[in-house]
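>
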Amino acid sequence: MQLTRRDAVAALAALGSGGAVALGAREWQRSGGDAADDASSGDTVGDGLATDDQVRDAMVAVAEVVYPSDVTGIQTFVERFLAGRLEREGHGEGIRRAVADLDDLARSWYDAPVADLDPADRDALLREVGADVADEVPDGTTAERIRYYVVNDLLLGLYTSPTGGELAGIENPIGHPGGIASYQRGPNE
Amino acid sequence: MTGSAQADGRDASDRTAGRSADPDRSPVANADVCVVGAGPAGTLVADRLAGRDHEVVVLDAGPRFDETERVERMEKAIRPAFSRPDVWDVGGDRDAYESVGDRHYPLNRTRVKGIGGSTLHWQGMVMRLHEADFASASERGVGANWPIEYSDLRPYYAEAETGIGVAGADDNPFAPPREEPFPMPAFPPSYSDSLFAEACEALEISMHSVPNARNSEGYDGRSACQGYGSCRPVCPSGAKYDGSVHAETAAAKGATVIDRAPVQRLEHTTDRIEAAVFATPDGTEHRQEAETFVVAAGGVETPRLLLLSDSEHYPDGLANSSGAVGRYFMDHVFAGAGGVLEEPTRQNHVGFLTSESHQFYDEADERIAPFKLEFFNFAGPSPVGIALTGEDWGDDLLERIRAEYGNHVTVGALVETLPQAENRVALHPDRTDDHGNPVPEIHWSIDDRAKRTIERANEVQHEILDELGASERWTQGVEGTVPTNHHMGTTRMGSDPSASVVNSSLRTHDLENCWIASSSVFPTAGAMNPTLTIGALALKAADHVDAAL
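Residue numbers (my numbering), protein chains in the order written: chain A, 135 to 323; chain B, 27 to 575.
#1: Decide if Thr-458(B) is buried, meaning its Cβ has at least 16 other Cβ atoms within 10 Å, or exposed.
#2: Quick one: grab the DSSP three-state call for Arg-164(A).
#3: Does any CB atom of chain B fall closer than 7 Å to the CB of Ala-265(A)?
#4: Output, in sequence order along the chain, the residues in the segment 220-241 of chain A whose CB is closer than 9 Å to any CB in chain B.
#5: Verify whether the separation of the beta carbon atoms of Asn-238(B) and Gly-377(B) is less than 7 Å.
#6: Buried or exposed for Gln-487(B), going by 16 or more other Cβ atoms inside 10 Å?
#7: Strictly below 7 Å CB to CB, what residues from chain D border Tyr-293(A)?
#8: Within 7 Å of any Cβ in chain A, is that where the Cβ of Ile-560(B) sits?
#9: Quick check on DSSP: helix, strand or coil for Cys-226(B)?
#10: Which whole-angstrom value is the C-beta distance of Leu-334(B) and Leu-453(B), which I expect to be below 8 Å?
#11: I want to see whether chain A comes within less than 7 Å of Cys-251(B), judged by CB atoms only; does it?
#12: DSSP on His-339(B), reduced to helix/strand/coil?
#13: Whose C-beta lies closer than 7 Å to the C-beta of Pro-407(B) among residues of the same chain, with five residues either side of it excluded?
#14: Which residues does DSSP list as the beta-bridge partners of Tyr-436(B)?
#15: To which residues of the same chain is Glu-157(B) closer than 6 Å at the C-beta, ignoring the five residues directly before and after it?
#16: Output yes if chain B places a C-beta closer than 7 Å to the C-beta of Asn-322(A); else output no.
#17: Would Glu-262(A) pass as an interface residue toward chain B - the criterion being a Cβ-Cβ separation below 7 Å?
#18: Could you tell me which of Glu-489(B), Lys-139(B), Thr-479(B) and Ser-232(B) sits nearest to Ala-323(B), measuring between CA atoms?
#19: Quick check on Leu-367(B) - is its C-beta less than 7 Å from some C-beta in chain A?
#20: Short check: CB of Pro-262(B) to CB of Arg-96(B), under 7 Å?
#21: So which of Pro-409(B), Val-504(B), Ala-562(B) and Ser-218(B) has the shortest CA-CA distance to Gly-298(A)?
#22: For Val-571(B), which residues in the same chain have their Cβ closer than 7 Å to its Cβ, ignoring the five residues on either side in sequence?
#23: Can you tell me whether Asp-577(B) is helix, strand or coil according to DSSP?
#24: Kindly indicate the opening and closing residues of the beta strand (DSSP E) around Arg-313(B).
#25: For Phe-108(B), I'd like the list of residues in its chain whose CB is within less than 6 Å of its CB, leaving aside the five on either flank, ordered along the chain.
#26: Grab me the residues of Ser-546(B)'s own chain with a C-beta within less than 6 Å of its C-beta, minus the 5 sequence neighbours each way, in chain order.
#27: Can you give, in chain order, each stretch of the beta strand (DSSP E) that sits fully within the segment 209-287 of chain A and has at least 3 residues?
#28: Pick out the complete beta strand (DSSP E) segments inside the segment 371-415 of chain B, 3 residues or longer, and give them in chain order.
#29: Run through the segment 177-206 of chain B for me and flag every whole beta strand (DSSP E) of 3 or more residues, listed as ranges in chain order.
#30: Residues in the same chain with beta-carbon distance under 8 Å from Asp-196(B), minus the five sequence neighbours each way, listed in chain order, please.
#31: In three-state terms, what does DSSP make of Met-100(B)?
#32: Hey, how far is the Cα of Leu-229(B) from the Cα of Pro-214(B)?
#33: Quick one: complete alpha helix (DSSP H) runs, 4+ long, within the segment 43-131 of chain B?
#34: If we count Cβ pairs, one from each stretch, closer than 8 Å, do we get three or more for the segment 366-377 of chain B versus the segment 531-540 of chain B?
#35: What residue from Ile-231(B), Pro-181(B), Met-210(B) and Thr-550(B) has the CA that sits closest to Glu-165(B)'s CA?
#36: Give the interface partners of Asn-403(B) over in chain A, defined as CB-CB distance under 7 Å, in chain order.
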């Protein structure tokens, strides 16, 4: 099932980010010069926060694991979704910190950032971190923050979108302003 | 606290409380009316009196919430990381309380402080009380009679429906008589309502629409419902009414609405209030003087403020010659049952109810309380909720969502509890809030009649579930019941000054310039959601204040 730009916009509408950024206007080109070197070398920027590139690559890689296997269009969806989430005050920093922590652990245990791991290792990494059993807590432990800002942010984006709702069997999932027609319809209408 | 300031006479146009970093929270000079509390009651009073050219000032303990943050608040409501009180910033020292009764009363799950009050997180069901609710002692042999009848409130109900904006239909054969059409058409029934309808028809139980305080079409400058599905506790679209609507209209008519201004006490003589002493975030205390005062701080903070305002003349609390201030605290209790069908039931598309049954309401007597049935549109887990709480992801998660979502049903019920003097809001002897005032101490228990009625409601619910063929059944009965966020009865209305706090004009028996607009004046609870009655009483109180000015 194809995730679309509409899905990303709808997810952002549900989760609160505004303006042009929410519509996916963020510049995601590879940073040049020092920033590119930083990203490729795995360094974070400023107080242990991941760069745009690191965030994008890591979140796309994690989405490929936590989203159902027949979902396509993940990269575009995640990029547009992240464009808004990173702009939200406080939340963007939380994502950057959680991604930096996840990448640090990936390098320690697998000698590569999460984006460079094969899907089975990404899945194993998330479980070894404890993100599968942790409750989501924005100011919690590393596992709790990765669950909140990485795993659950991605799941929230998917399942509040029209395509995610369709996967789950609901055209108008909670958080999606999908109107007041669908609740009246039967399953075969 | 650093001293006191008199009204400084600044022009109301200078005031931007809550809209700038440093709003003007100084008192208003020459105020005719000081309203304490900016929930639905206080703002309706302020709107009406400001519209009649009175100088009105409204003081509220909480903030003016930024409307642009509502979507973020909805995310908090959806995510398991946050509790219900987190959504509207309830909690901390400001909202400290103690529950010491037979049953724990989760006060901070049931209220919101700020411009709009608890309508910010309400469900938005707006029914009129039935005629018999106003004469419970006479008609049912228990409880108390109100000093007013349904007919006294009927025109105010209609005005409240118009002001709030109610989507409804005249299809309820059990409702009290009405002459006016609803302002908007009712929301059509849900698909799952049609499943219930078939079962209820077999059981000869009538279903009918729910009057909703949410726009089924554009109304009064506010959007139609967009179907976010998160009505309780947040409506991001503004289609669901909340008290901030009338805070805005009151301000547009010249009222001054001051947020983050908790009233500490009411200064008074023997028979008049002279000033409301309120605190501001900078640590200053101010005196808001006015000709008249309307206390509209809800069923807990209203009695608390009166008790905090004790004096030599009123040693047991202001306006408390009767000893009734804080007593007869009531809430509705919930009874529910649900299960799973072998077919899709299409739940969680919207966050509000479209069908109810009041069929059993008027069978109430001394033994069984009035109750109403609610047919849920949000039974069982939502896919988003499932996704955020498991230990799986990917295909396993999707498989689990598909297995767990979509074929649940729930029938709820609201049940009346009786006014009992021992159920009360008192002042805690030791614990204090962020301003050093004793916190509310809630004494709550459930009477035997309400317990019998929960069991009766469960019986009816089980009959419906049996007819539907529901499996995996669950029941929320006497032991598991919870309050439904309706604080009532703590400054009861009555004709006898020795047994009640306010008279039929909503004015306190003791003080000639103090009215109370709140569900705290309800002598009995009925089993209808109280906010429409709160609104009707507020408009009635406003008319009495207007006449007195």
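For each residue, glycine too, the CB sits at the ideal point set by N, CA and C. No experiment lies behind these values; they were computed from the predicted model shown.
Once the coordinates are examined:
#1: Classification for Thr-458(B): exposed.
#2: Reliability of the predicted coordinates at Arg-164(A) is poor, the pLDDT of 49 falling under 50, and no value is obtained from them.
#3: So, not an interface residue.
#4: Arg-222 and His-225
#5: no
#6: buried
#7: Of the protein chains in this structure, namely A and B, none is chain D.
#8: no
#9: DSSP places Cys-226(B) in helix when its eight states are reduced to three.
#10: Indeed, because the Cβ distance is near 7 Å, the residues count as touching under 8 Å.
#11: yes
#12: In the structure shown, His-339(B) sits in coil (DSSP, three-state: anything other than H, G, I, E or B).
#13: Hits under 7 Å: Glu-430 and Tyr-431.
#14: Per the sequence presented here, residue 436(B) reads as Thr, with Tyr not at that position. Gly-364(B), per the DSSP bridge assignment.
#15: Tyr-176 and Pro-202
#16: For Asn-322(A), no Cβ of chain B is located within less than 7 Å of the residue's own Cβ.
#17: no
#18: Lys-139(B)
#19: no
#20: yes
#21: Ranking Pro-409(B), Val-504(B), Ala-562(B) and Ser-218(B) by CA distance to the CA of Gly-298(A) puts Pro-409(B) first.
#22: Val-59, Leu-75, Thr-318, Val-320 and Trp-541
#23: The structure shown does not extend to residue 577(B), since chain B is modelled only from 27 to 575, so the question has no answer here.
#24: 311-315 is the extent of the beta strand (DSSP E) around Arg-313(B).
#25: Taken in chain order, the residues that qualify are Lys-102.
#26: Gly-325, Thr-328, Thr-516 and Thr-517
#27: For the segment 209-287 of chain A, not a single whole beta strand (DSSP E) run of length 3 or above is found.
#28: Segments of the beta strand (DSSP E) lying fully in the segment 371-415 of chain B: 381-383 and 397-401.
#29: none
#30: Arg-204, Pro-207 and Phe-208
#31: helix
#32: About 22 Å.
#33: 66-76, 96-104 and 110-113
#34: Cβ pair count under 8 Å is below three, so no.
#35: Thr-550(B)
#36: Tyr-317
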